[in-house]
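Colleague: What follows is a structure written as structure tokens; I'll ask about it next.
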Amino acid sequence: MKTLLNILAIITLFTNAAVAQVNWTVDPAHTNARFEAKHLGIAFVDGQFKKLDGKVVTSSDNDFNNAKVNFNIDVNSIDTRVEMRDNHLKSDDFFSAEKFPTMKLANATLSGKNGKFTLTGDLTIRDVTKKVAFNVVQNNGIITDPWGKTRAGFTATTTINRFDYGINYADKLPSGVFAVAPEINITINVEITKD
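Under the numbering used here, the sequence shown has 1429 at position 175, and the numbering climbs by one with no breaks.
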């Protein structure tokens, strides 16, 4: 009987360890979501979204492999340093921000090791959701900051085609070059803190 109880105790211990979760929160003061698109075929115009939030859930406090990630971006916080351009990007030609005020990355999983990962999840822009994969690099491991918080930092990059998400603005030059290229480069620099 004692052996059976010991076995049950060990199973319980391993089961609890297997379902343990560590929660992390995106630090919006030290996170930015940036984008750039080729303009008139000759240069890049960039911008950022200034308001965002997100959560990361890991199975341990020192390993991000198989982490679950969810991320929300406030479309109305777009900033390209030119108000007229920002307003155009918020219009129906692009993000239709009044109707679709939030972009989301949901059901995303981080997979990899040694600080190099792939983040794969469902990206929703406007009313279109598609699978997307980011290349992710963890920046210098996990630290304890001067105020006692546990932090980790990552840089994630990908390229999407905006036409895939219903952003169909398609003005062209007489040469046939798009005024705003379909390919959008995305970079997200993120710091997360352990809850």
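Glycine residues also receive a C-beta, built at the ideal position from the N, C-alpha and C atoms.
1) List the endpoints of the continuous alpha helix (DSSP H) containing Glu-1337.
2) Spatial neighbours of Pro-1282 within its chain, please: CB distance less than 8 Å, with the 5 preceding and 5 following residues excluded, ordered by chain position.
3) I'd like to know whether the C-beta atoms of Thr-1411 and Ile-1379 end up nearer to each other than 8 Å.
4) Please report the distance separating the alpha-carbon of Ala-1435 from that of Gly-1375.
5) In or out: Met-1338 buried (at least 16 other Cβ within 10 Å) or exposed?
6) List in chain order: all unbroken beta strand (DSSP E) runs of 3+ residues lying wholly within the segment 1285-1317.
7) If you run the structure through DSSP and keep just helix, strand and coil, what is Val-1329?
8) Measuring CB to CB, does Thr-1285 end up less than 8 Å from Glu-1445?
9) Would you be able to state if there are at least three C-beta pairs under 8 Å between the segment 1381-1392 and the segment 1357-1371?
10) How is Pro-1282 classed by DSSP in three states: helix, strand or coil?
11) For Asp-1347, tell me which candidate among Thr-1356, Gly-1420, Pro-1428 and Asp-1449 has the shortest Cα-Cα distance.
12) In chain order, what residues of the same chain have a beta carbon less than 7 Å from the beta carbon of Ala-1351, not counting five sequence neighbours either side?
13) Specify the secondary structure class of Arg-1380 as computed by DSSP and reduced to three states.
Modeller: This is what the structure holds:
1) Its alpha helix (DSSP H) spans residues 1337-1344.
2) Closer than 8 Å at Cβ, skipping near neighbours: Lys-1305, Leu-1306 and Asp-1307.
3) No; because the gap between Cβ atoms is not below 8 Å, this pair is not in contact.
4) For the pair Ala-1435 and Gly-1375, the Cα-to-Cα distance works out to about 24 Å.
5) By the neighbour-count criterion, in which 16 or more other beta carbons inside 10 Å mark a residue as buried, Met-1338 falls on the exposed side.
6) The qualifying runs are 1286-1293, 1297-1303 and 1306-1312.
7) Here DSSP, grouped into helix, strand and coil, assigns Val-1329 to helix.
8) In contact: Thr-1285 and Glu-1445 (Cβ atoms closer than 8 Å).
9) Flag = yes, the segment 1357-1371 and the segment 1381-1392 touch.
10) Of the three classes helix, strand and coil, the one that applies to Pro-1282 here is helix, per DSSP.
11) If we check each option's Cα against that of Asp-1347, Gly-1420 comes out closest.
12) If we look at Ala-1351 and ignore the five residues flanking it on each side, its Cβ neighbours are Val-1329, Asn-1330 and Lys-1344.
13) Note: Arg-1380 maps to coil in three-state DSSP.
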